[in-house]
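Novice: In my numbering, the protein residues as written are 37 to 160. No residue lacks a Cβ here, since even glycine has one placed at the ideal position from N, Cα and C. All values derive from a computational prediction rather than experimental measurement. Structure incoming, see below.
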């Protein structure tokens with residue numbers, strides 16, 4: 037009986053030893069590490085998905101920006117063409133003004149001639 041009391045046996049149950057306590061602690065630690073590793077994997081996957089979404093959005097923004105740049109260039113070219121057209125219209129308008137002035141002068145000369153003819157007819 038003295039041996040069994042020293043060995044820690046009592047009514048059929050064995051007292052936990054240092055080795056079994058270390059094993060239990062190691063097992064719990066391993067479970068915690070596995071759980072944490074799984075959480076890190078899940079979070080890493082979320083970060084990858086978010087990163088991909090950001091990259092996709094960035095690419096969309098680049099594409100839209102390029103389209104807008106192209107549109108701005110088209111508008112710039114159109115504006116330049118319209119500016120040229122406006123300049124042509126100004127030049128043509130000035131030519132028309134000069135021509136209208138010439139026609140007025142000619143009309144005035146014709147009126148003077150008609151007046152002279154009337155005067156001459158009245159004299160005769």
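So residue 132 is in the alpha helix (DSSP H); what residue range does that whole segment cover?
Specialist: From DSSP, the alpha helix (DSSP H) with residue 132 extends over 54-159.
Novice: By the 10 Å Cβ neighbour count, where 16 or more other Cβ atoms means buried, how is residue 144 classified, buried or exposed?
Specialist: Residue 144 is exposed by the Cβ-count criterion.
Novice: To the nearest angstrom, report how far apart residue 93 and residue 101 are at their CA atoms.
Specialist: Roughly 12 Å separates the two Cα atoms.
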